[in-house]
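Visitor: Residue numbers (the UniProt record's numbering), protein chains in the order written: chain B, 1 to 245; chain X, 1 to 245.
Handing you a structure now.
2 protein chains.
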Amino acid sequence: MQKYKCTISYDGTLFSGYQVQPNKRTIQSEIEKALGKMHKGQEIKITASGRTDAGVHAKGQVFHFQSPLAIPLPNWEKGLNAMLPDDISVLDIEQAASDFHARFDAVGKEYRYFLSRAEKRDPFSRNYAYYYPFPLNYDVIREAAQLFIGTHDFTSFCSAKTEVVDKIRTIREIEFYEEDDKLIFKFVGNGFLYNMVRIIMGTLLEAGSGKKSPAEMRDILDKKDRGAAGKTAPGHGLYLWKVHY
Amino acid sequence: MQKYKCTISYDGTLFSGYQVQPNKRTIQSEIEKALGKMHKGQEIKITASGRTDAGVHAKGQVFHFQSPLAIPLPNWEKGLNAMLPDDISVLDIEQAASDFHARFDAVGKEYRYFLSRAEKRDPFSRNYAYYYPFPLNYDVIREAAQLFIGTHDFTSFCSAKTEVVDKIRTIREIEFYEEDDKLIFKFVGNGFLYNMVRIIMGTLLEAGSGKKSPAEMRDILDKKDRGAAGKTAPGHGLYLWKVHY
Chain B
1 MQKYKCTISY DGTLFSGYQV QPNKRTIQSE IEKALGKMHK GQEIKITASG RTDAGVHAKG
61 QVFHFQSPLA IPLPNWEKGL NAMLPDDISV LDIEQAASDF HARFDAVGKE YRYFLSRAEK
121 RDPFSRNYAY YYPFPLNYDV IREAAQLFIG THDFTSFCSA KTEVVDKIRT IREIEFYEED
181 DKLIFKFVGN GFLYNMVRII MGTLLEAGSG KKSPAEMRDI LDKKDRGAAG KTAPGHGLYL
241 WKVHY
Chain X
1 MQKYKCTISY DGTLFSGYQV QPNKRTIQSE IEKALGKMHK GQEIKITASG RTDAGVHAKG
61 QVFHFQSPLA IPLPNWEKGL NAMLPDDISV LDIEQAASDF HARFDAVGKE YRYFLSRAEK
121 RDPFSRNYAY YYPFPLNYDV IREAAQLFIG THDFTSFCSA KTEVVDKIRT IREIEFYEED
181 DKLIFKFVGN GFLYNMVRII MGTLLEAGSG KKSPAEMRDI LDKKDRGAAG KTAPGHGLYL
241 WKVHY
């Protein structure tokens with residue numbers, strides 16, 4: 001058996017998220033179906049760096065799997081891409097050490113969140129950016145964002161459904177930049193809790209629109225209460241950009 | 001009754017083209033449905049600059065309609081956008097002269113055709129650009145494109161189903177430029193026959209990949225036979241960009 005590390009991109013629009021669910025079209029199930037075909041029906045399970053929710057996209061999701069097949073790497077990529085639907089694409093596949101684990105070995109992740117700031121609603125970005133044409137004070141957002149940098153208990157910034165006990169995470173970077181009519185936020189950290197990027201994003205929008213002051217960010221962190229933070233920004237603006245190993 | 005000129009953008013992916021067809025989701029039927037709602041059920045017919053096929057997009061389609069309602073222009077735009085599905089967006093609406101006609105008054109049109117030249121298949125452009133990663137000689141394409149400029153009989157470059165008798169059209173410009181991993185072709189002319197841009201595009205690709213010589217373009221025009229030209233490039237790479245009045 002050889003272990004492989006595979007990097008993929010997907011358009012999350014038509015998926016019920018990453019993880020296998022009965023009778024739902026998910027990224028994991030489509031990939032396992034494609035691998036099953038390549039293995040003449042043998043079931044091949046994959047393990048990703050983490051899940052993504054319905055509508056959430058990926059530019060660099062990573063998973064690992066094991067296979068008894070002896071196929072040269074370029075053929076792996078071609079073969080898998082030929083079997084996959086056109087909203088998932090294999091970007092890279094490489095041999096991995098037998099103890100490599102896509103989730104446990106990840107030392108950091110980068111997400112990006114796309115806002116559409118177009119004056120007119122743009123049909124082409126409806127599934128790829130959150131349309132937010134309202135006034136925003138970028139200086140205030142920048143100030144608020146800085147208060148998340150570092151190591152904090154992010155209980156207030158994760159879904160109440162989060163099952164993990166340890167809610168301490170380190171955020172290394174939150175930056176944003178303009179590209180055409182998009183405002184793109186970059187989040188880099190050692191790991192993110194369930195819905196964490198989307199709740200921070202929603203809270204930054206409340207700061208930028210004057211509903212919360214930047215200083216409140218610290219109070220919200222201290223409260224350790226999901227109810228204290230802002231709304232969860234929609235999934236379709238979010239991209240899992242890169243997994244660091 | 002007041003006549004209005006309306007400019008819209010749409011993502012053609014989920015439409016069976018522009019024109020009303022029974023039991024199909026079309027751009028015209030969605031707009032007429034939205035206008036019907038604004039007129040409390042009264043049927044309002046629209047007339048566009050021309051049809052677009054299934055999967056074809058628009059950045060600046062234009063239509064006209066008449067209405068008995070006295071609504072200020074900004075409210076027309078807001079009202080219509082609120083009633084329309086999110087894959088159609090009103091960009092502009094203005095009052096028009098009572099004899100304005102979106103189709104007959106058009107003096108020219110601009111289309112653009114998007115090729116994806118990405119090394120890896122990109123899930124995000126699968127509906128918005130024709131994935132063509134194969135080698136292309138850009139100089140040869142430029143040479144071939146020049147032979148279409150001017151006034152010609154385009155019988156060889158329109159669908160055999162074309163019903164109009166006069167197949168003489170004038171192409172003013174065919175240019176292309178690179179943007180990220182896209183190669184974007186711009187076609188400007190006084191009017192285009194059914195499938196004409198897509199057939200010229202398909203034929204330019206055959207020139208660029210060495211299957212046809214640039215000089216053959218003139219022979220194909222002379223033959224007045226659809227069978228002499230190249231394949232019809234897929235609809236999802238095509239955008240009706242602008243209508244000139």
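Cβ coordinates follow ideal geometry from the N, Cα and C atoms, glycine included.
What are the residues of the region 50-66 of chain X that lie near chain B, defined by any Cβ-Cβ distance shorter than 7 angstroms?
Guide: Correct list: empty, as no residue qualifies.
Visitor: Check whether the Cβ atoms of Tyr10/B and Ala58/B lie closer than 9 angstroms to each other.
Guide: Contact: yes.
Visitor: Per DSSP, what kind of secondary structure is Val140/B in: helix, strand or coil?
Guide: If DSSP states are grouped into helix, strand and coil, Val140/B belongs with the helices.
Visitor: Would you call the CB atoms of Tyr111/B and Leu240/B closer than 9 angstroms?
Guide: Closer than 9 angstroms, so yes.
Visitor: Three-state secondary structure (DSSP) at Gly55/B?
Guide: If DSSP states are grouped into helix, strand and coil, Gly55/B belongs with coil.
Visitor: Distance cutoff 9 angstroms, beta carbons only. Does Pro123/B sit that close to anything in chain X?
Guide: With 9 angstroms as the cut-off, Pro123/B counts as an interface residue toward chain X.
Visitor: Just to confirm before moving on: does the CB-CB distance between Leu204/X and Ala145/X stay below 9 angstroms?
Guide: Yes; because the gap between Cβ atoms is below 9 angstroms, this pair is in contact.
Visitor: Report yes if the C-beta distance between Phe176/B and Ile141/B is below 9 angstroms; otherwise report no.
Guide: Yes; because the gap between Cβ atoms is below 9 angstroms, this pair is in contact.
Visitor: Measure the alpha-carbon distance for Glu30/B versus Arg198/B and round it to whole angstroms.
Guide: Near 25 angstroms, if we compare the C-alpha coordinates of Arg198/B and Glu30/B.
Visitor: Which chain X residues sit within Cβ distance under 8 angstroms of Arg126/B?
Guide: The contacting residues are Asp11, Asp86 and Asp87.
Visitor: At a CB-CB cut-off below 9 angstroms, which residues of chain B make contact with Lys120/X?
Guide: The answer, in chain order, is Ser9, Glu77, Asn81, Ser89, Val90, Leu91 and Asp92.
Visitor: Between Ser156/B and Pro123/X, is the Cβ-Cβ spacing less than 9 angstroms?
Guide: Contact flag unset, no.
Visitor: Can you tell me the Cβ-Cβ gap for Glu94/B and Lys5/B, rounded? I've got them flagged as a contact below 8 angstroms.
Guide: That pair is a contact at about 5 angstroms.
Visitor: In angstroms with no decimal places, state the Cα-to-Cα distance between Tyr132/B and Glu143/B.
Guide: Cα-Cα distance, rounded: 20 angstroms.
Visitor: In the DSSP assignment, what residue or residues form a beta bridge with Ala96/B?
Guide: For Ala96/B, which the question treats as bridged, DSSP gives the partners Lys3/B.
Visitor: According to DSSP, is Glu77/X helix, strand or coil?
Guide: Helix, per DSSP.
Visitor: Any heavy atom of the ligand NAP inside 8 angstroms of the beta-carbon of Tyr131/X?
Guide: Only the bare structure without any ligand can be found here, which leaves the ligand NAP out of the picture.
Visitor: If you check the beta carbons only, do Lys167/B and Lys109/B fall under 9 angstroms apart?
Guide: Not in contact: Lys167/B and Lys109/B (Cβ atoms no closer than 9 angstroms).
Visitor: Tell whether a beta-carbon distance below 9 angstroms holds between Ala233/X and Gly202/X.
Guide: Result yes, Cβ atoms of Ala233/X and Gly202/X sit closer than 9 angstroms.
Visitor: Answer yes or no: do Arg121/B and Asp92/X have a C-beta to C-beta separation smaller than 9 angstroms?
Guide: The answer is no: Cβ separation not under 9 angstroms.
Visitor: In the DSSP assignment, what are the bridge partners of Phe187/X?
Guide: Per DSSP, Tyr111/X and Ile174/X.
Visitor: Could you give the DSSP three-state label for His64/X: helix, strand or coil?
Guide: Here His64/X sits in strand by DSSP.
Visitor: Determine the contact status of Val56/X and Ala106/X, defining contact as a CB-CB distance below 9 angstroms.
Guide: Not in contact: Val56/X and Ala106/X (Cβ atoms no closer than 9 angstroms).
Visitor: May I have a chain-ordered list of the alpha helix (DSSP H) segments no shorter than 4 residues that lie completely inside the UniProt domain "Pseudouridine synthase I TruA alpha/beta" (144-245) of chain B?
Guide: Counting whole runs of 4 or more residues, the UniProt domain "Pseudouridine synthase I TruA alpha/beta" (144-245) of chain B contains the alpha helix (DSSP H) stretches 196-208 and 216-223.
Visitor: Using only CA atoms, which one of Gly60/B, Ser67/B and Pro72/B lies nearest to Lys40/B?
Guide: The shortest C-alpha separation from Lys40/B is found at Ser67/B.
Visitor: What are the boundary residues of the alpha helix (DSSP H) that Leu35/X is part of?
Guide: Note, Leu35/X: alpha helix (DSSP H), Ile27 to Met38.
Visitor: Compute the Euclidean distance between the alpha carbons of Phe148/B and Ile200/B, then round it to the nearest angstrom.
Guide: Taking the straight line from one Cα to the other gives about 9 angstroms.
Visitor: Given a cut-off of 9 angstroms, decide if Glu206/X and Lys182/X are closer than it, judged by their beta-carbon atoms.
Guide: Going by C-beta atoms, Lys182/X is not nearer than 9 angstroms to Glu206/X.
Visitor: Between the Cα of Cys158/X and those of Asp180/X, Phe192/X, Gly79/X and Gln28/X, spot the shortest distance and give me the residue it belongs to.
Guide: Here the closest residue by C-alpha is Phe192/X.
Visitor: In the DSSP assignment, what residue or residues form a beta bridge with Ala129/B?
Guide: The partner list for Ala129/B (beta bridge, DSSP) is empty, contrary to what the question assumes.
Visitor: Please report the distance separating the alpha-carbon of Thr151/X from that of Val243/X.
Guide: Taking the straight line from one Cα to the other gives about 19 angstroms.
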